[in-house]
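J.:
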Amino acid sequence: MTNAVMAVKAIRGMNDILPDESYRWAFFEQTIQRWLAAYGYRNIRTPIVEQTDLFVRSIGEVTDIVEKEMYTFVDHLNNDSLTLRPEGTASCVRAVIEHNLLYNGPQRLYYSGPMFRHERPQKGRYRQFHQVGVEALGFAGPDIDAELIVMCARLWEKLGISGLRLEIGTLGNAQTRALHRTRLVKYFEQHRDMLDEDAQRRLHANPLRILDSKNPQMKALIENAPKLMDDLDEESCVHFETLQQILREQGIPFEINLRLVRGLDYYNRTVFEWVTDKLGAQGTVCAGGRYDGLIEQVGGKPAPACGFAMGVERLLALIQECGTVIHPPAADIYIVHQGEQAMRYAWQCAEFLRDEGLDVVLHCSGGSFKSQMKKADASGARFAIILGDDEYNAQDVTLKPLREAVEQTRLKLNEVTEIIRQANSNQQ
Numbered sequence: 001m002t003n004a005v006m007a008v009k010a011i012r013g014m015n016d017i018l019p020d021e022s023y024r025w026a027f028f029e030q031t032i033q034r035w036l037a038a039y040g041y042r043n044i045r046t047p048i049v050e051q052t053d054l055f056v057r058s059i060g061e062v063t064d065i066v067e068k069e070m071y072t073f074v075d076h077l078n079n080d081s082l083t084l085r086p087e088g089t090a091s092c093v094r095a096v097i098e099h100n101l102l103y104n105g106p107q108r109l110y111y112s113g114p115m116f117r118h119e120r121p122q123k124g125r126y127r128q129f130h131q132v133g134v135e136a137l138g139f140a141g142p143d144i145d146a147e148l149i150v151m152c153a154r155l156w157e158k159l160g161i162s163g164l165r166l167e168i169g170t171l172g173n174a175q176t177r178a179l180h181r182t183r184l185v186k187y188f189e190q191h192r193d194m195l196d197e198d199a200q201r202r203l204h205a206n207p208l209r210i211l212d213s214k215n216p217q218m219k220a221l222i223e224n225a226p227k228l229m230d231d232l233d234e235e236s237c238v239h240f241e242t243l244q245q246i247l248r249e250q251g252i253p254f255e256i257n258l259r260l261v262r263g264l265d266y267y268n269r270t271v272f273e274w275v276t277d278k279l280g281a282q283g284t285v286c287a288g289g290r291y292d293g294l295i296e297q298v299g300g301k302p303a304p305a306c307g308f309a310m311g312v313e314r315l316l317a318l319i320q321e322c323g324t325v326i327h328p329p330a331a332d333i334y335i336v337h338q339g340e341q342a343m344r345y346a347w348q349c350a351e352f353l354r355d356e357g358l359d360v361v362l363h364c365s366g367g368s369f370k371s372q373m374k375k376a377d378a379s380g381a382r383f384a385i386i387l388g389d390d391e392y393n394a395q396d397v398t399l400k401p402l403r404e405a406v407e408q409t410r411l412k413l414n415e416v417t418e419i420i421r422q423a424n425s426n427q428q
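Numbering (the numbering used here), first residue to last: 1 to 428.
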C-alpha cells in the first residue's frame, strides 16, 4: 500500500485569482490605467522586498504594522534583514530618492501590486492583498490634495460605485502634532486606569493611535480627549480651508472628521478616507493624505508629498455589491475542423484572422463536429468557423453565428473580418 501524497495548498490569507474571477481584475486594471493617464500620472514599479529599516523608519516602530504584521526575515547569504512590503508609499519614496527623480521637478506617480501583512484573514482583509497607490511628490499646495480626491470621485463613477462617503481632516504640521501629543499624553495619563493594554503601550510612544481605538469601553474617554483642531497652526488652517473650498467648487460632498488619524507616522496636514457601509467591518476602500516629512525621513532632501492607496479586493467587492456588470471576455471566433487538410487550413485561417485583430480560439485534440460545436458554444464565442474538405478545396469558410438565430453562410476568409466587426459594432 503506497502512502498518499499530501496536496499542497495556498498559504492562509493568500488567495489564488482564478480565470472565472481574473477578468474582473483585468477590467479594473485597464480602467485604472486609462484613468491615471488622463491625469498625467506615470507608472513606477518597485521590488516586493525591501530593507526592513525602510519600513521601520517610514511607518514608525510603534505601529501595528511594524510591531505585529510585517513579514520579516534574514537573508542568510549576507545577514540582511528584509521585509515583504506592507505598503507602497515608502518603496515609492525610496525609489524617487535613489534615482533622483525630483531633480527635474515634481512627479505624479502610481504603482499597483501585492502587499503583505500578517493579519487575521477575513472578508476584505488578507495577508497578501493588492493596492493601487497614487503619489504626487514635490507639490506643496492644497490644490494637489484636492486633485487626488477629485480623481477618486471620478473613478467611482467610471467603476459604477455608489454610496461612498468622503471624510476629510487635518493633522496640522509637526509642531502642531507635538503640542497636541503633549496634551493627549497628559489627558490620558489622568485616566490611565481606563486605558486598555494597547492604549497603555502606545501612551508615550504613539498617543495619536489611541484615538483610533475600536474599544467601545474607551469611546467616551476618546470623545472627550483634546482635539487637534484646537492646536492647529494658522498655515494648516488656511491649507485645510482652501482644500474644502476647491472640493465644494468641484461638487464633491464631504464630512469633516476631526478624529481621523492615520495608522502610519509619516502623515501631516490633509488626511482623507472614502468609506462605505456595504462591506461590513472593512468599510474603508481608499485612504490617503499629505506626508511632507517622509522624503527627508527616508534620507532625501526635504520635499512635500501627498498620495493615497486603495484596496483592490475591497473595490472589486464593492463593484459587485453595487450591481455593476462586468462581462467576461469571449473570443470572436471558435474554429472547428475535421480532416487532416482542414486542420492545416484551420491554422492558416486562425493566424490570418488574428493578424486582422480578431480573437480566435482554434479547436485542439480532435473530436466530432458535434462535440467541437458544443465546445464552441460553451466558449462564449460569437461565431464559429467550420472547416472540412469542402471548405479546404474551395478555399473558403463556413461562418455560423452562435449567439443569434441567423443562418450560417459560406464566404471567403477575407470577408469574415468585416462581418464580425460590423456585428460587434451593432452589439455595442
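Quick reminder that beta carbons are idealized off the backbone N, C-alpha and C, glycines included.
#1: Among M194, V185 and H191, whose alpha-carbon lies nearest the alpha-carbon of L203?
#2: When DSSP labels each residue in this structure, what does K227 get in the three-state scheme?
#3: With K400 as the anchor, note down where its alpha helix (DSSP H) starts and where it stops.
#4: Which same chain residues, not among the five before or five after T52, have their C-beta less than 7 Å away from its C-beta?
#5: Going by C-alpha distance, which of A4, Y111 and K123 is nearest N43?
#6: What do you get for C364, buried or exposed, if any count of 16 or more other CB atoms within 10 angstroms of its CB means buried?
#7: Looking only at its own chain, which residues have a Cβ that is under 7 Å from the Cβ of T31, when we skip the five neighbours before and after it?
#8: Going residue by residue through the region 17-54, where are the continuous beta strand (DSSP E) segments of at least 3 residues, counting only ones entirely within it?
#9: Can you give the Cα-Cα distance for Q245 and R108, rounded to whole angstroms?
#10: For the beta strand (DSSP E) containing M115, name the first residue and the last one.
#11: Measure the Cβ-Cβ separation of L171 and L137 and say whether it is below 9 Å.
#12: On the CB-based measure, 16 or more other CB atoms within 10 Å of its CB, does D277 come out buried or exposed?
#13: I think M115 touches G88, with their Cβ atoms under 8 Å apart; what is that distance to the nearest whole Å?
#14: Evaluate N268 with the Cβ neighbour count: other Cβ atoms within 10 Å of its Cβ, from every protein chain shown; 16 or more gives buried, anything less gives exposed.
#15: Check H363 in the structure and name its three-state DSSP category.
#16: Please report the distance separating the alpha-carbon of K400 from that of V416.
#17: Just to confirm, is the Cβ distance from Q312 to F129 under 9 Å?
#18: Considering only residues of the same chain and omitting the five flanking positions on each side of D193, which have a CB-CB separation below 6 Å?
#19: If you draw a straight line from the C-alpha of F55 to the C-alpha of C92, how long is it?
#20: Is it right to say P47 is buried, meaning 16 or more other beta carbons lie within 10 angstroms of its own, or is it exposed?
#21: On the DSSP letters alone, give me the boundaries of the beta strand (DSSP E) that H130 sits inside.
#22: Helix, strand or coil, according to DSSP, for T72 in the structure here?
#23: Are R429 and E50 closer than 9 Å when you measure CB to CB?
#24: Go through its chain and collect everything with a Cβ distance to T324's Cβ below 8 Å, but skip five positions before and after it.
#25: How many whole angstroms separate the CB atoms of M373 and V406, which I take to be in contact at a CB cut-off of 8 Å?
#26: When you compare the CB positions of R12 and P121, do they come within less than 9 Å of one another, or not?
#27: Which stretch, first to last residue, makes up the alpha helix (DSSP H) that contains V93?
#28: Which residues share a DSSP beta bridge with Q122?
#29: Give the single residue among I256, T176, A394 and A220 whose Cα lies nearest to the Cα of D233.
#30: First and last residue of the alpha helix (DSSP H) that includes F352?
#31: Quick one: using the 10 Å Cβ neighbour count with 16 as the cut-off for buried, is W347 buried or exposed?
T.: From the atom records:
#1: V185
#2: coil
#3: From DSSP, K400 is part of no alpha helix (DSSP H) but of the beta strand (DSSP E) over V397 to P401.
#4: T72, S81, L82 and T83
#5: Y111
#6: Burial call: exposed.
#7: K158 and L159
#8: Runs of the beta strand (DSSP E) spanning 3 or more residues and lying entirely within the region 17-54 occur at 49-51, in chain order.
#9: Computed Cα separation, rounded: 23 Å.
#10: Following the DSSP letters along the chain, one finds M115 inside the beta strand (DSSP E) bounded by residues Q107 to F116.
#11: Judged by beta-carbon spacing, L137 lies beyond the 9 Å limit of L171, meaning their Cβ atoms are not closer than that value.
#12: exposed
#13: 7 Å
#14: buried
#15: coil
#16: 11 Å
#17: Checking the displayed sequence, the identity of residue 312 turns out to be Val instead of Gln. It is a contact, given that the beta carbons lie within the stated cut-off.
#18: none
#19: In a straight line, the C-alpha of F55 is about 12 Å away from that of C92.
#20: exposed
#21: Q128 to L137
#22: strand
#23: Nothing can be reported for residue 429, as the shown portion of the chain is limited to 1 through 428.
#24: Result list for T324: L159, G160 and I161, in chain order.
#25: Not quite, the Cβ-Cβ distance comes to about 16 Å (not below 8 Å), so this is no contact.
#26: For R12 and P121, yes; Cβs fall inside 9 Å.
#27: Its alpha helix (DSSP H) spans residues T89 to E98.
#28: R125
#29: The candidate whose alpha carbon is nearest that of D233 is T176.
#30: That run of the alpha helix (DSSP H) goes E340 to D355.
#31: Note on W347: under 16 other CB atoms within 10 angstroms of its CB, so exposed under the neighbour-count rule.
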